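Take the sequence shown: its letters are residues -17 to 246, numbered as in the numbering used here.
Backbone N, C-alpha and C fix where the C-beta goes; we use that ideal spot for every residue, glycine too.
Computed from a predicted model, the values in this text were never measured in an experiment.
One structure below.
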Amino acid sequence: MIQLQRLSLCRNNLSSISFISGLLSLEHLNLQFNENLDIVPLSYLVNLTTLDISYCAIKNIQSLRTLVKLKELNAIDTKIKDISILKQFKCLKELNISCNLGINITELQYLTQLTKLILNECDIHDISALRPLVNLEYLELSNNSIFYFYPIRDLDENVEFEDNLIVESSDFFTFFDVKNKSQFINRHTQPNKQEIQLAENMKKVDTTIFYIRDINTKYKYYLSRKKMVVTTITSLKQKQHDILLSLTNKVVQLYIKMDEKQYQ
-17 MIQLQRLSLC RNNLSSISFI SGLLSLEHLN LQFNENLDIV PLSYLVNLTT
33 LDISYCAIKN IQSLRTLVKL KELNAIDTKI KDISILKQFK CLKELNISCN
83 LGINITELQY LTQLTKLILN ECDIHDISAL RPLVNLEYLE LSNNSIFYFY
133 PIRDLDENVE FEDNLIVESS DFFTFFDVKN KSQFINRHTQ PNKQEIQLAE
183 NMKKVDTTIF YIRDINTKYK YYLSRKKMVV TTITSLKQKQ HDILLSLTNK
233 VVQLYIKMDE KQYQ
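Written out as structure tokens, the structure reads:
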């Protein structure tokens, strides 16, 4: 058993895992749903590459500081607030810390090697700390309260972003999705976008302005679905290569064909 590499102990109502501290060959460990778990013994498992401590009501992860080989960490719905320890995990590629309200994501800026990051339902307001994460290929930020959408570069074109509040803001994408539970969006520039979807997200869109540059094909703006409150376009005009679209409330659907100058 001392050569064990993979172990799952989820849903065992464990409070102590001292009995696994001698499993030095362990690489993959799943400890989900052990609410009263003491994770201090994990410090001995220095060869861990994958760890799941989701739903364990853990407040402090300082004991993980020795796990420098970690490549994947899942800590969904814990009580973690301080994640400063993560910046020393230089091998970490995938991180999911969703459903941790009040978590400080500032330290994530040092994890430039991350390729996958999931931060759903963390009550995040500012994502500027994510801008240095140039290797990200997948990002989820659904059900947060993000005010301003900073460009986050180099996300892959095939990223799954259904139900995310924001996915990406670089020139590589032709689709921008801001679904679900945004309070409002304020002055955001999206260059080279061919399609913008604002379905199911706004309680308020007031004097919000979108500048869409250099789009030479058919323009589509999807501004409603069943839960939408946005209706009425107060200003729409062409300005050189830009379209200035000012939204207040109650717009159902708008299709713009600039070549024919038809508005419907």
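Three-state class that DSSP yields for residue i in the structure shown
i: T32; result: strand
i: R(-12); result: strand
i: I100; result: strand
i: S(-2); result: strand
i: N121; result: According to the sequence displayed, residue 121 carries Leu and not Asn. Strand.
i: E89; result: helix
i: L55; result: strand
i: L11; result: strand
i: L46; result: helix
i: F68; result: At residue 68 the sequence reads Leu, which differs from the Phe that was named. Helix at L68.
i: L24; result: helix
i: L112; result: helix
i: N82; result: coil
i: E17; result: coil
i: L5; result: coil
i: L77; result: strand
Closest by C-alpha distance to residue i, when choosing among the options
i: L46; options: E119, Y26, D59, N125; result: Y26
i: K72; options: I87, Y92, I35, A57; result: Y92
i: G4; options: N12, Q(-15), I87; result: Q(-15)
i: K41; options: I(-1), I35, N(-6), I62; result: I62
i: S(-3); options: Q14, L13, N18; result: N18
i: D64; options: G84, T48, L49; result: G84
Sequence-distant residues of its chain with Cβ nearer than 8 Å to residue i (five each side left out)
i: N29; result: L6, S7, L8, E9, K51
i: S80; result: I58, D59, I100, L101, N102, E103, C104, E122
i: Q44; result: I67
i: K(-5); result: It should be pointed out that residue -5 corresponds to Asn in this sequence rather than to Lys. Within the same chain, N(-5) has close Cβ partners N16, E17, N18.
Backbone CA spacing between residue i and residue j [nearest angstrom]
i: D247; j: T31; result: Nothing about residue 247 can be reported from this structure: the residues present for the chain run from -17 to 246 only.
i: N82; j: D20; result: 18 Å
i: Y204; j: C38; result: Note that Y204 scores a pLDDT of 35, beneath 50, so its modelled location is shaky; the value from the coordinates is reported in the next line. Answer to the nearest angstrom: the Cα atoms are 40 Å apart.
i: I67; j: I87; result: 12 Å
i: I(-1); j: D34; result: 14 Å
i: N126; j: L112; result: 15 Å
i: L(-9); j: E54; result: 17 Å
i: R(-7); j: N56; result: 16 Å
i: Y120; j: L49; result: 24 Å
Spatial neighbours of residue i in its chain, beta-carbon cut-off 6 Å, leaving aside the 5 residues before and after
i: R(-12); result: H10
i: P23; result: I(-1), S0, S3
i: L90; result: A111
i: Q14; result: C(-8), D34, S36, Y37
i: K12; result: The question names Lys, but residue 12 in the sequence shown is Asn. Cβ neighbours of N12 beyond the five flanking positions: S(-10), C(-8), D34.
i: M210; result: Any reading at M210 must be qualified, since the residue scores a pLDDT of 33, below 50, and its modelled position is unreliable; no value is offered.
Integer-rounded CB distance, given that residue j should sit under 8 Å from residue i
i: K98; j: K75; result: 7 Å
i: T96; j: N78; result: The displayed chain sequence assigns Leu, not Thr, to residue 96. Contact flag wrong, Cβ pair sits at about 11 Å.
Contact test: residue i Cβ vs the ligand SAM heavy atom, cutoff 6 Å
i: T97; result: Summarising the ligand content, the structure contains no ligands, and the ligand SAM is consequently not present.
Close Cβ partners of residue i (< 7 Å) along its chain, the five nearest in sequence each way excluded
i: P114; result: Q91, T94
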